[in-house]
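Colleague: Residue numbers (the working numbering): 84 to 549.
Quick reminder that beta carbons are idealized off the backbone N, C-alpha and C, glycines included.
The structure displayed is predicted, hence computed values, not measured ones.
Before I ask anything, let me first share the structure, which is written out below as structure tokens.
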């Protein structure tokens, strides 16, 4: 456990802090994982007393994973303090800090990152600080390089923690253990045994009142460039020399360098129109608040990419994400190659279904493996069956929320679950051809699995989630 450290949340009254960060810190307090000594200092433009801030936090932590406990709240609330600031001027922050080391979380729009870190430097608050920033890390490769340059004017790479909350999920962390800790899978994790890979991140929700934000981002930047390419790199990278953070991050970078830049011809962009979700009528994207009536922003994207290295040459990898889809789910599907059918000639078996491995990231955290078995009876008839591992059922514990793990790792200075600057730049380079020449927008009714054109990417097969 860390003996002493302050935690500073810049943008402490915003949505991210109230919905994610403060509840996660409360859960860490309840589990005894926060530093023994140190304050939690909120900083924001809203004028507010420290007492009023504690009241706001009390409401926020009612949404924490762990139940409300008066003793936990008493110890947690004693840590809380608040500093209002104007612009990016954090001159009043130092007098509210109690420890020599601190974690500074920038829960602000990315445009504020540069001015804030420069202001921290001007007030002598860089030494002993680690800084956490949220995606998006730029809008393209040029802006990503500019952002990195701003951060590196003040902090070195060891002090910067680029957070991607998907990397804090138990099932994502388990990918490396599953791959490299089980020889039966490690031996077939390559082009000789695997036919193709699918990764789907599906949401039933729309833009939830954030049309002004989403208009400048879209699905490609919001999900593919960060969440999906980070998961893919863990799924397909070579074994690291050890589980040391930099060894893992080195292998992720090598993998991203082997990904062929995506051709716009292998991408389908879509936007949802009016439809029905879970039995209720929902508006189209262009009817959402703060969205242009002729918006060309995609709310859906499907693409095919290729990894040009020895392990994965010739294996198509399909990525798909979208809003207003029929289900909320994040799933990885590993489809193994077909087996020869000559053995079954003259039987009732006409077509064999290949083995499939499914890693369910959310909402149910599980791993499933499907294989064929003979149905009882005198004839040779087969049917696919499934073996399933469920995290909560197997370990009799609810997995920690992603931000709990990520905040704890950042406090301890462990970079394993965070994205390095060179990987951010490389991920943008993979998608830059699509950003430079986006394919035409296709439309799909809310409540469906995206534009019909997305099926052509996987034809003659079909998407796993349909």
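How is residue 179 classed by DSSP in three states: helix, strand or coil?
Modeller: Within the chain shown, residue 179 is the residue found at index 96, counting from 1. Helix at residue 179.
Colleague: Buried or exposed for residue 493, going by 16 or more other Cβ atoms inside 10 Å?
Modeller: Position 410 of the chain shown, counted from the start, is the residue given in the question as residue 493. Buried, by the Cβ-count rule.
Colleague: Assuming residue 442 and residue 251 form a contact by the criterion Cβ under 8 Å, report the distance between their Cβ atoms to the nearest whole angstrom.
Modeller: The residue you call residue 442 lines up with position 359 of the chain shown. The residue you call residue 251 lines up with position 168 of the chain shown. Residue 442 to residue 251, Cβ: 16 Å. No contact.
Colleague: Do residue 253 and residue 482 have their C-beta atoms closer together than 7 Å?
Modeller: Position 170 of the chain shown, counted from the start, is the residue given in the question as residue 253. Position 399 of the chain shown, counted from the start, is the residue given in the question as residue 482. By the CB criterion at 7 Å, residue 253 and residue 482 fall inside the cutoff.
Colleague: Count the other CB atoms within 10 Å of the CB of residue 133; is the residue buried (16 or more) or exposed (fewer)?
Modeller: Your numbering for residue 133 matches position 50 in the chain shown. Flag for residue 133 reads exposed.
Colleague: If you drop the 5 nearest sequence neighbours on each side, which residues of the same chain put their C-beta closer than 6 Å to that of residue 358?
Modeller: Position 275 of the chain shown, counted from the start, is the residue given in the question as residue 358. For residue 358, where only same-chain residues beyond five positions count, the Cβ hits under 6 Å are 528, 529, 530.
Colleague: Using three-state DSSP, classify residue 185 as helix, strand or coil.
Modeller: The residue you call residue 185 lines up with position 102 of the chain shown. In the structure shown, residue 185 sits in a strand (DSSP, three-state: E or B).
Colleague: Is the shortest distance between the beta-carbon of residue 470 and the beta-carbons of chain D less than 7 Å?
Modeller: Protein chains in the displayed structure number just one, and chain D is not present.
Colleague: Identify whether residue 359 lies in helix, strand or coil by the three-state DSSP scheme.
Modeller: Translated into positions along the chain shown, residue 359 becomes position 276. Strand.
Colleague: Where residue 272 and residue 467 are concerned, what is the direct C-alpha to C-alpha distance, given to the nearest angstrom?
Modeller: Here residue 272 corresponds to residue number 189 of the chain shown, with the count starting at 1. Here residue 467 corresponds to residue number 384 of the chain shown, with the count starting at 1. Taking the straight line from one Cα to the other gives about 21 Å.
Colleague: Looking only at its own chain, which residues have a Cβ that is under 6 Å from the Cβ of residue 187, when we skip the five neighbours before and after it?
Modeller: As a working mapping, residue 187 is identified with position 104 in the chain shown. Within the same chain, residue 187 has close Cβ partners 91, 212, 214.
Colleague: Are there 16 or more other CB atoms within 10 angstroms of the CB of residue 473, so buried, or fewer, so exposed?
Modeller: By 1-based counting over the chain shown, the position of residue 473 is 390. Looking at its Cβ environment, which holds fewer than 16 other Cβ atoms inside 10 Å, residue 473 is exposed.
Colleague: Just the C-alpha distance for residue 346 and residue 275, rounded to the nearest angstrom, thanks.
Modeller: In the chain shown, the residue the question calls residue 346 occupies position 263. In the chain shown, the residue the question calls residue 275 occupies position 192. Roughly 25 Å between the two C-alpha positions.
Colleague: I'd like the ranges of any beta strand (DSSP E) spanning at least 3 consecutive residues and lying wholly in the stretch 247-299.
Modeller: 277-285
Colleague: Is the beta carbon of residue 530 within less than 6 Å of some heavy atom of the ligand HEM?
Modeller: Ligands in the displayed structure: none, and consequently the ligand HEM is not present.
Colleague: Run through DSSP, which three-state label would residue 325 get?
Modeller: By 1-based counting over the chain shown, the position of residue 325 is 242. If DSSP states are grouped into helix, strand and coil, residue 325 belongs with coil.
Colleague: According to the neighbour-count rule (16 or more other Cβ atoms, all chains shown, within 10 Å of its Cβ), is residue 458 buried or exposed?
Modeller: Locating residue 458 in the chain shown gives position 375, counting from the first residue. Flag for residue 458 reads exposed.
Colleague: Taking only three categories from DSSP, how would you classify residue 139?
Modeller: On the chain shown, position 56 is the one that residue 139 refers to. Under the three-state reduction of DSSP, residue 139 is assigned to helix.
Colleague: With a threshold of 6 Å on Cβ separation, who are the neighbours of residue 536 within its own chain once the five nearest residues in sequence on each side are excluded?
Modeller: Walking along the chain shown from the start, residue 536 turns up at place 453. Excluding residues within five positions, the ones whose Cβ falls inside 6 Å are 351, 525.
Colleague: So residue 534 and residue 383 are in contact, right, with Cβ under 8 Å, and what is the actual spacing, rounded?
Modeller: Within the chain shown, numbered from 1, the residue matching residue 534 stands at position 451. Within the chain shown, numbered from 1, the residue matching residue 383 stands at position 300. That pair is a contact at about 7 Å.
Colleague: Need the endpoints of the beta strand (DSSP E) that residue 212 sits in, please.
Modeller: On the chain shown, position 129 is the one that residue 212 refers to. Unbroken beta strand (DSSP E) run through residue 212: 212-217.
Colleague: Helix or strand or just coil, what does DSSP make of residue 88?
Modeller: Residue 88 sits at position 5 when you count from the first residue of the chain shown. In this structure, residue 88 counts as coil in the three-state DSSP scheme.
Colleague: Going by other Cβ atoms of all chains shown within 10 Å of its Cβ, with 16 needed for buried, is residue 406 buried or exposed?
Modeller: Counted from its first residue, the chain shown places residue 406 at position 323. It counts as buried.
Colleague: Go ahead and label residue 84 buried or exposed: buried means 16 or more other beta carbons lie within 10 angstroms of its beta carbon, across all protein chains shown.
Modeller: In the chain shown, the residue the question calls residue 84 occupies position 1. Residue 84 should be labelled exposed.
Colleague: Please report the straight-line C-alpha distance between residue 453 and residue 439, rounded to a whole angstrom.
Modeller: For the purposes of this step, residue 453 is taken as the residue at position 370 of the chain shown. For the purposes of this step, residue 439 is taken as the residue at position 356 of the chain shown. Distance between the alpha carbons of residue 453 and residue 439 is about 5 Å.
Colleague: Starting from residue 165 and walking both ways along the alpha helix (DSSP H), at which residues does that stretch end?
Modeller: The count along the chain shown starts at 1 and reaches residue 165 at position 82. Not the alpha helix (DSSP H): residue 165 falls in the beta strand (DSSP E), residues 163-167.
Colleague: Just tell me which of 109, 176, 185 has its CA closest to the CA of residue 121.
Modeller: As a position in the chain shown, residue 121 is number 38, starting the count at 1. For residue 121, the nearest C-alpha among the options comes from 185.
Colleague: Quick check: what's the CA-CA separation for residue 104 versus residue 423?
Modeller: Here residue 104 is taken as the residue at index 21 of the chain shown, counted from 1. Here residue 423 is taken as the residue at index 340 of the chain shown, counted from 1. Their backbone Cα atoms lie some 52 Å apart in a straight line.
Colleague: My output table needs one value for residue 537: the three-state DSSP class, helix, strand or coil.
Modeller: By one-based count along the chain shown, residue 537 stands at place 454. Correct three-state label for residue 537: helix.
Colleague: Leaving out five residues on either side along the sequence, give the residues of the same chain with a beta carbon under 6 Å from the beta carbon of residue 117.
Modeller: In the chain shown, counting from the first residue as 1, residue 117 sits at position 34. Within the same chain, residue 117 has close Cβ partners 111.
Colleague: Going by DSSP in three states, residue 378 sits in which element: helix, strand or coil?
Modeller: Stepping through the chain shown from its first residue, residue 378 is reached at position 295. Of the three classes helix, strand and coil, the one that applies to residue 378 here is coil, per DSSP.
Colleague: Enumerate in chain order the residues of its own chain whose CB-to-CB distance from residue 360 is below 7 Å, with the five nearest sequence positions on each side excluded.
Modeller: In the chain shown, counting from the first residue as 1, residue 360 sits at position 277. Correct list, in chain order: 287, 407, 529, 530.
Colleague: Any chance the stretch 321-333 sits against the stretch 493-503, with 3 or more Cβ pairs inside 8 Å?
Modeller: yes
Colleague: Would you please state the rounded distance, in angstroms, between the beta carbons of residue 341 and residue 392? I believe it to be under 8 Å.
Modeller: For the purposes of this step, residue 341 is identified with residue 258 of the chain shown, where counting begins at 1. For the purposes of this step, residue 392 is identified with residue 309 of the chain shown, where counting begins at 1. So it is a contact: roughly 4 Å between Cβ atoms.
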